[in-house]
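Visitor: Take 344 as the starting number for the sequence shown in our numbering and just add one per residue.
This structure is in structure tokens; I'll ask about it shortly.
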Amino acid sequence: MEFLLAFDGHVHRYGGGYWLKFEIAEVEESEGRPHGLDYSFTLHGPDNRRLIGFDNAHGVPAKGSRFNKRPKAMDHWHRTETDEGRPYTFKDAETLIDDFFDEVERMLAEHGIPFEAVETKKGDKP
């Protein structure tokens with residue numbers, strides 16, 4: 344868990360003005376946050392719009408039938424800038440960060456941007 348908490352406040356800048364932001368804190372375990380984490384990992388475009396996000400700021404409906412029960416845990420991700428969120432099954436800290444970076448790599452490739460940070464720093468924006 345310390346591995347994941349170390350990302351808090353970090354910004355990674357990529358070519359073309361794309362950048363990542365990590366916000367993560369330990370919180371009391373609850374039904375919505377059973378792992379005791381409050382987090383938001385986001386990829387932003389050159390215009391600062393969020394393109395991808397993994398977070399647990401709010402719950403999202405289960406995918407599929409409207410009769411599917413809403414997950415109790417609030418973990419979810421936004422695959423595109425217009426995606427309202429889809430449930431994410433939190434397994435562990437390492438899988439969460441790996442899944443996020445996999446999606447970042449996918450999105451950067453779609454925009455022709457190499458998946459190689461040109462700067463990493465602690466702060467709000469690049």
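Backbone N, C-alpha and C define an ideal beta-carbon position, used for all residues, glycine too.
All figures in this text were calculated on a predicted structure; none of them were measured in a lab.
#1: Please give me, in chain order, every unbroken run of the alpha helix (DSSP H) with length at least 4 that falls completely inside the stretch 390-459.
#2: Are S383 and A400 close, meaning C-beta to C-beta below 8 Å?
#3: Is it the case that the Cβ atoms of Y361 and L451 are separated by a distance below 8 Å?
#4: Identify, in the order they occur along the chain, each residue of the same chain with its Cβ nearer than 6 Å to the Cβ of T385, setting aside the five sequence neighbours on each side.
#5: Starting from F350, follow the alpha helix (DSSP H) in both directions and report where the run begins and ends.
#6: With a threshold of 7 Å on Cβ separation, who are the neighbours of E424 within its own chain once the five nearest residues in sequence on each side are excluded?
#7: Within 10 angstroms of the Cβ of V461, are there 16 or more other Cβ atoms? Answer buried if so, exposed if not.
#8: Can you list, in chain order, the residues of its chain whose CB lies under 6 Å from that of I456, leaving out five sequence neighbours each side?
#9: Please check the pair V403 and E371, which I expect to be a contact at CB under 8 Å, by giving their CB distance rounded to whole angstroms.
#10: Would you say H355 and F433 are within 8 Å of each other, going by their C-beta atoms?
#11: Look at the Cβ atom of L380, then the Cβ atom of E369, and state whether they are nearer than 8 Å.
Guide: This is what the structure holds:
#1: Runs of the alpha helix (DSSP H) lying entirely within the stretch 390-459, each at least 4 residues long, are 436-453 in chain order.
#2: For the purposes of this step, residue 383 is taken as the residue at position 40 of the sequence shown. For the purposes of this step, residue 400 is taken as the residue at position 57 of the sequence shown. A contact, by the Cβ cut-off of 8 Å.
#3: Along the sequence shown, read from residue 1 onward, the residue named residue 361 stands at position 18. Along the sequence shown, read from residue 1 onward, the residue named residue 451 stands at position 108. Going by beta carbons, Y361 and L451 fall inside the 8 Å limit.
#4: Mapped onto the sequence shown, residue 385 falls at position 42. Scanning its chain for C-beta atoms nearer than 6 Å, with the 5 sequence neighbours on each side dropped, one finds around T385 the residues K364, R393 and G396, in chain order.
#5: Looking up residue 350 in the sequence shown gives position 7. Boundaries for F350: no alpha helix (DSSP H) harbours it, and the DSSP string shows neither H nor E there.
#6: Working through the sequence shown from its first residue, we reach residue 424 at position 81. Take E424, set aside five residues on each side of it, and the residues of its chain with a beta-carbon closer than 7 Å to its own are R392, R393 and L394, in chain order.
#7: Mapped onto the sequence shown, residue 461 falls at position 118. In the assembly as shown, V461 is an exposed residue. Its beta-carbon has fewer than 16 other beta-carbons within 10 Å.
#8: Your numbering for residue 456 matches position 113 in the sequence shown. For I456, where only same-chain residues beyond five positions count, the Cβ hits under 6 Å are Y357, G358, G359 and Y361.
#9: Here the question's residue 403 lines up with position 60 in the sequence shown. Here the question's residue 371 lines up with position 28 in the sequence shown. That belief does not hold up - the Cβ atoms of V403 and E371 are roughly 22 Å apart, past 8 Å.
#10: Position 12 of the sequence shown, counted from the first residue, corresponds to residue 355. Position 90 of the sequence shown, counted from the first residue, corresponds to residue 433. Taking 8 Å as the Cβ cut-off, H355 and F433 do not qualify as a contacting pair.
#11: Numbered from its first residue, the sequence shown carries residue 380 at position 37. Numbered from its first residue, the sequence shown carries residue 369 at position 26. Contact check for L380 against E369 passes: the beta carbons are separated by less than 8 Å.
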